[in-house]
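K.L.:
Have a look at this one.
Number of protein chains: 2
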Amino acid sequence: MKSFIECSACMIRQSLEILNKHSTSNEQKSDILKLVLKALSETTITSINPPQLTNKVHSILKQELHIQDFYSEEKKESNKEALRLESFLNQLIASADNPLLTAAKLAIAGNVIDHGALASFDLNETISTVLEDHFAIDHFDRFEELVSKPNRILYLGDNAGEIVFDKTFISLLLKQHQTVIYAVKSAPVLNDVLLEDAKETGLAAMIPVIESGSTTAGTEPSEMNAEFRNYYTNSDLIIAKGLGNFETLYGLNDRKNKFFLFKVKCPHLGKYLNLSMKDIVFLEETF
Amino acid sequence: MKSFIECSACMIRQSLEILNKHSTSNEQKSDILKLVLKALSETTITSINPPQLTNKVHSILKQELHIQDFYSEEKKESNKEALRLESFLNQLIASADNPLLTAAKLAIAGNVIDHGALASFDLNETISTVLEDHFAIDHFDRFEELVSKPNRILYLGDNAGEIVFDKTFISLLLKQHQTVIYAVKSAPVLNDVLLEDAKETGLAAMIPVIESGSTTAGTEPSEMNAEFRNYYTNSDLIIAKGLGNFETLYGLNDRKNKFFLFKVKCPHLGKYLNLSMKDIVFLEETF
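As you go down the protein sequences, you meet chains A and B in turn. Heads up: the first sequence is residues 1 to 287, going by our numbering. Heads up: the second sequence is residues 288 to 574, going by our numbering.
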């Protein structure tokens, strides 16, 4: 999916947030901001996808600030906060009428933890509302049917913190005789999950966790490493979490049984998909 | 007052709003946005004031879109909407314990009508809350003392719609034996008042209205024309409405009895002045 011209505003917002957090002086902020603006002015924003655009901007910020991971503290904090909720999440799932549906909805609720799209969020409020919500795009029945038999599932992670919500979903999938491999990013970008997040949250002790090769806030096909590509091609089912994975992998028509689970966190994407802000989506790519 | 680096985000937001409203194609939007980004990348934002920055960006938009006045319809609509409130405003003033204070507060409430700073606003809600509010910076006593005697007042307007609120304030000042001259901008910028707004709202039939010479969303000293400069220098008192006039005229220490009346509509300006969003200000420049 290509970027909207409105993505430029988000890029500036993200850059300012990072500069205000990590810059040493106003002069440095101003100089680096100029470089970001120049790069954006030389980019046909609508010709690349949003994670590619983010990467272009963040590469400059990383290089100029000599920092590779702008959200390392926030990620640790998100993981801790989510881990404190883990037993509560498992209880909600265990006591649900449809545990699989509840686990899936909670995994999507976790998608609200995002320093790329939103500056602030209320996790507890999101959990309670998401359980009441219906999917705005609802291909859950088809997913439920598929997982009634054992599958090898490739699960594409999105953000730190959210990974704990993925973990509770995955726990249930394992109980339902699914085999799950979890994929993380290969380099820090925004608050996207890395191998260390899978370790910190205990997910890596539960199932195999691999790096996708992608260094963008999505899963860039050209960056996929051989191991990941093998799983991507040969797994029975793919669960792709979050907007970044949707923006990079939806519409490729490259394989069947690919499900996108996310919360609409951008008004422009919402408009594009004819959805509202905060809608939750359980979408299968069909072709 | 110099711009903040955060002003860049506002410039992009304004540009996108204008492009989405007036552009003919996505390609045109993208091309013009590139020019805006390039100009911003070549500007040391923190070396010029916000109205100068706005002008730099809007000049490009005006030239590329071949449109001089992006908000002509909104301005007419704002004037109409405010005129519908005029008798209500006059009643509020007439029945107030301190009519001058109420008229001043209402004039500031009108400052919420701003397509530069805010995408949406609730005028009725603003009127009722502003009457309860205290000035966060309060030099009203000093103003009240000055206007206890007759003065020649130069009143610097800000936005269309808001001008009707200025008119009710000015009506009261006239009753209190003040002489008032009202100044408007010399070229369209955002929804700033022009001569036609003063005519449309009946203000021009009530008092002399002059153009300041300024083509920015403020009063740029270097642009002041001879007539305006004469009034600016020789009036007993100046009332400058809105953020643009504050951003261009505050701190010049060029004359006494200069009052700035505005509502804080930008979080960064608020932080800079140690004020909160939506605070109302009645500030005299002292030196």
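Cβ atoms here follow ideal geometry from the backbone N, Cα and C, with glycine treated the same way.
For A:Met224, which residues of its own chain have a beta-carbon under 8 Å away from its beta-carbon, when the five flanking residues on both sides are left out?
P.N.:
The answer, listed in chain order, is Ser212, Gly213, Ser214, Tyr232.
K.L.:
Give me the Cα-Cα distance between A:Ala119 and A:Glu74, rounded to the nearest whole angstrom.
P.N.:
Low per-residue confidence applies at A:Ala119: pLDDT is 47, beneath 50, and the placement is therefore not dependable, though the value from the model is reported in the following sentence. Roughly 12 Å separates the two Cα atoms.
K.L.:
Going along the chain, which residues of its own chain have a beta-carbon closer than 6 Å to the beta-carbon of B:Phe452, five neighbours each way excluded?
P.N.:
Cβ within range, chain order: Leu393, Ala394, Gly397.
K.L.:
Along the segment 48 to 78 of chain A, what residues have a CB closer than 9 Å to any CB found in chain B?
P.N.:
Hits within the stretch: zero.
K.L.:
Could you check whether the segment 277 to 287 of chain A touches the segment 319 to 335 of chain B, counting it as contact only if at least three pairs of C-beta atoms, one from each stretch, sit closer than 8 Å?
P.N.:
Short answer: they don't touch.
K.L.:
Assuming A:Glu285 and A:Lys258 form a contact by the criterion Cβ under 8 Å, report the distance between their Cβ atoms to the nearest whole angstrom.
P.N.:
Indeed, because the Cβ distance is near 5 Å, the residues count as touching under 8 Å.
K.L.:
Do B:Ile332 and A:Ser8 have their C-beta atoms within less than 8 Å of each other?
P.N.:
In this structure, A:Ser8 does not lie closer than 8 Å to B:Ile332 by Cβ.
K.L.:
B:Val344 to B:Gly489, Cα distance in whole Å?
P.N.:
Roughly 32 Å separates the two Cα atoms.
K.L.:
Where are the beta strand (DSSP E) runs, 3 residues long or more, that stay fully inside the segment 403 to 483 of chain B, in chain order?
P.N.:
Listed in chain order, the complete beta strand (DSSP E) runs (minimum 3 residues) inside the segment 403 to 483 of chain B are 439 to 443, 466 to 471.
K.L.:
For A:Pro267, would you say it is in contact with chain B, using Cβ-to-Cβ distances shorter than 8 Å as the test?
P.N.:
With 8 Å as the cut-off, A:Pro267 does not count as an interface residue toward chain B.
K.L.:
Using alpha carbons as the reference points, say which of B:Leu524, B:Pro495, B:Asn532, B:Gly505 lies closest to B:Glu514.
P.N.:
Out of B:Leu524, B:Pro495, B:Asn532, B:Gly505, B:Pro495 has the C-alpha closest to the C-alpha of B:Glu514.
K.L.:
Just curious, the beta strand (DSSP E) that A:Ile48 is in, first and last residue?
P.N.:
Unbroken run through A:Ile48: none, as it is neither H nor E.
K.L.:
Per DSSP, what kind of secondary structure is A:Glu77 in: helix, strand or coil?
P.N.:
Here A:Glu77 sits in helix by DSSP.
K.L.:
Whose Cβ in chain A lies nearer than 8 Å to the Cβ of B:Ala296?
P.N.:
Ordered by position in chain A, the residues that pass the 8 Å Cβ test against B:Ala296 are Ala9, Ile12, Arg13, Leu16.
K.L.:
Taking contact to mean at least 3 C-beta pairs separated by less than 8 Å, is the segment 160 to 175 of chain A in contact with the segment 79 to 91 of chain A?
P.N.:
At 8 Å Cβ cutoff, the stretches touch.
K.L.:
In three-state DSSP terms, what is A:Glu220?
P.N.:
Coil, per DSSP.
K.L.:
Note down the Cα distance separating A:Gly157 from A:Leu243, rounded to an integer number of angstroms.
P.N.:
Rounded to the nearest angstrom, the two C-alpha atoms are 11 Å apart.
K.L.:
Of all the CB atoms in chain A, is at least one closer than 8 Å to the CB of B:Thr609?
P.N.:
Outside the shown range of chain B, which is 288 to 574, sits residue 609 of chain B, and nothing can be said about it.
K.L.:
Using a Cβ cut-off of 8 Å, pull out every chain B residue sitting near A:Ser30, in sequence order please.
P.N.:
The answer, in chain order, is Ile292, Thr331, Ile332, Thr333.
K.L.:
When DSSP labels each residue in this structure, what does A:Phe88 get in the three-state scheme?
P.N.:
Here A:Phe88 sits in helix by DSSP.
K.L.:
Can you find a CB in chain A that lies within less than 8 Å of the CB of B:Asn313?
P.N.:
So yes, B:Asn313 belongs to the interface.
K.L.:
Going along chain B, which residues have a C-beta under 7 Å from A:Leu40?
P.N.:
Correct list: Leu324.
K.L.:
Can you check whether the CB of B:Val417 is closer than 8 Å to the CB of B:Asn446?
P.N.:
Taking 8 Å as the Cβ cut-off, B:Asn446 and B:Val417 do not qualify as a contacting pair.
K.L.:
Could you tell me which chain B residues have their CB closer than 7 Å to the CB of A:Lys34, listed as they occur along the chain?
P.N.:
Ser328, listed in chain order.
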